[in-house]
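Protein chains in written order, with my numbering: chain A, 1 to 242; chain B, 243 to 253.
In what follows, a structure is listed as structure tokens, so that the remarks can point back to it.
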């Protein structure tokens with residue numbers, strides 16, 4: 001028996017806004033603990049991890065572990081048809097994922113399961129020297145400030161500030177955010193703004209974002225739901241200066 | 243000048 005019911009589909013929709021802009025296909029794994037997925041884009045620049053714990057769902061029936069391989073663009077088209085006050089139900093029938101949204105009207109979509117073209121490696125565990133929190137809206141606005149001058153951004157964290165800097169052809173920009181965390185080391189790395197914007201499509205997932213950084217290390221951006229009921233995290237490879 | 247690195251070195 002496989003049936004998941006979520007009274008607020010926006011968590012799913014928001015997650016897939018970002019996921020579908022990064023990867024073409026995903027394997028969604030569901031077992032008695034919850035739902036999770038790991039995926040990496042074809043160029044191996046961005047890794048994405050989503051985890052939704054069993055207790056987040058209003059109904060969670062999953063008798064045996066199941067793997068659902070879906071085309072993210074197709075699933076996103078369906079999820080876009082949900083309204084925030086709809087109740088979402090996921091079931092499986094034959095080779096399809098059945099997605100229903102029930103509000104004033106009931107909509108049923110059958111999304112074909114696919115064969116995966118490539119495998120996703122396990123999430124790497126990286127030790128970071130620096131970790132801070134920032135409201136995701138603040139991060140998004142800062143990136144919008146920076147992108148008017150350049151297509152890449154330097155993240156610089158010291159004991160007081162997160163500084164985002166860019167040097168453009170005609171203008172330079174710098175945004176400073178007082179992070180208020182205990183940081184004992186400095187960290188600096190450069191990233192493509194286009195990739196950061198893909199991750200920020202998940203802004204409605206959770207208000208608080210954790211940034212982990214080290215010199216020329218990947219940027220880890222973690223969005224956590226209240227009571228650790230869910231987590232969406234990204235790992236973005238840096239640009240390296242030559 | 244900078245080049246895009248890959249996550250492969252971290253796996």
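Cβ atoms here follow ideal geometry from the backbone N, Cα and C, with glycine treated the same way.
Taking CB atoms only, residue 47(A) has a neighbour in chain B less than 8 Å away. For chain B, the residues of the stretch 102–133 of chain A that bring a beta carbon within less than 8 Å of one of its beta carbons are 121, 122, 124 and 126, in chain order. A direct Cα-Cα distance of roughly 12 Å separates residue 223(A) from residue 132(A). Listed along the chain, the chain B residues whose CB falls inside 9 Å of the CB of residue 239(A) are 244, 245, 246 and 247.
Within the stretch 136–168 of chain A, the residues whose Cβ lies closer than 8 Å to some Cβ of chain B are 152, listed in chain order.
In this structure, the alpha-carbon of residue 207(A) lies about 35 Å from that of residue 115(A). Contact between the stretch 104–111 of chain A and the stretch 22–33 of chain A is absent, with fewer than three C-beta pairs closer than 8 Å. Distance between residue 212(A) and residue 104(A), taken at the CA atoms: about 43 Å. Counting C-beta atoms within 10 angstroms of its own C-beta, residue 81(A) has fewer than 16 neighbours from the protein chains shown and is therefore classed as exposed. The beta carbons of residue 195(A) and residue 40(A) sit no closer together than 8 Å. A straight-line Cα-Cα distance of about 11 Å links residue 214(A) and residue 158(A).
Assigned with DSSP and collapsed to three states, residue 170(A) falls in coil, not helix or strand. Bounds of any beta strand (DSSP E) do not take in residue 145(A); it lies within the alpha helix (DSSP H) bounded by 136–146. When rounded, the separation of the alpha-carbon atoms in residue 191(A) and residue 239(A) is 5 Å.
Looking from the CA of residue 67(A), the closest CA among 27(A), 55(A) and 75(A) belongs to 27(A).
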